[in-house]
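*Asks:*
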Amino acid sequence: MTYSLQDLEVARRRVIKDRQLICAQQSLIDGMRTRGEPAGLASERLVKLTEDYLIQASIRLER
345 MTYSLQDLEV ARRRVIKDRQ LICAQQSLID GMRTRGEPAG LASERLVKLT
395 EDYLIQASIR LER
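When the letters of the sequence shown are read in order and numbered with my numbering, they come out as residues 345 to 407.
(1) Whole angstroms is fine: what's the gap from L385's alpha carbon to M376's?
(2) What number of angstroms, rounded off, separates the C-alpha of G380 from the C-alpha of S387?
(3) What number of angstroms, rounded off, separates the C-alpha of I373 from the C-alpha of V354?
(4) Report the three-state DSSP secondary structure of T394 (helix, strand or coil).
(5) What separation, rounded to the nearest whole angstrom, lies between the Cα atoms of S348 and L365?
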């Protein structure tokens, strides 16, 4: 299977966007911990979000 340079660029941008969203979520959790708020639920949310992004990335690779 061959990919065009444009397809690879689109995939690269999606990966960058996914990483940025995960980092933003992690920053939110860190802020919650700093303020002393319970972050267990937020950590679970980050794990779920990360799993969702990995699933989406896997699906994109199969296309």
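Even glycine gets a Cβ: it sits at the ideal position worked out from N, Cα and C.
*Replies:* This is what the structure gives:
(1) C-alpha separation (whole angstroms): 11 angstroms.
(2) It is roughly 14 angstroms from the alpha-carbon of G380 to the alpha-carbon of S387.
(3) Taken atom to atom, the span from the alpha-carbon of I373 to that of V354 is near 29 angstroms.
(4) Three-state DSSP puts T394 in a helix.
(5) Cα to Cα, the separation comes out at about 26 angstroms.
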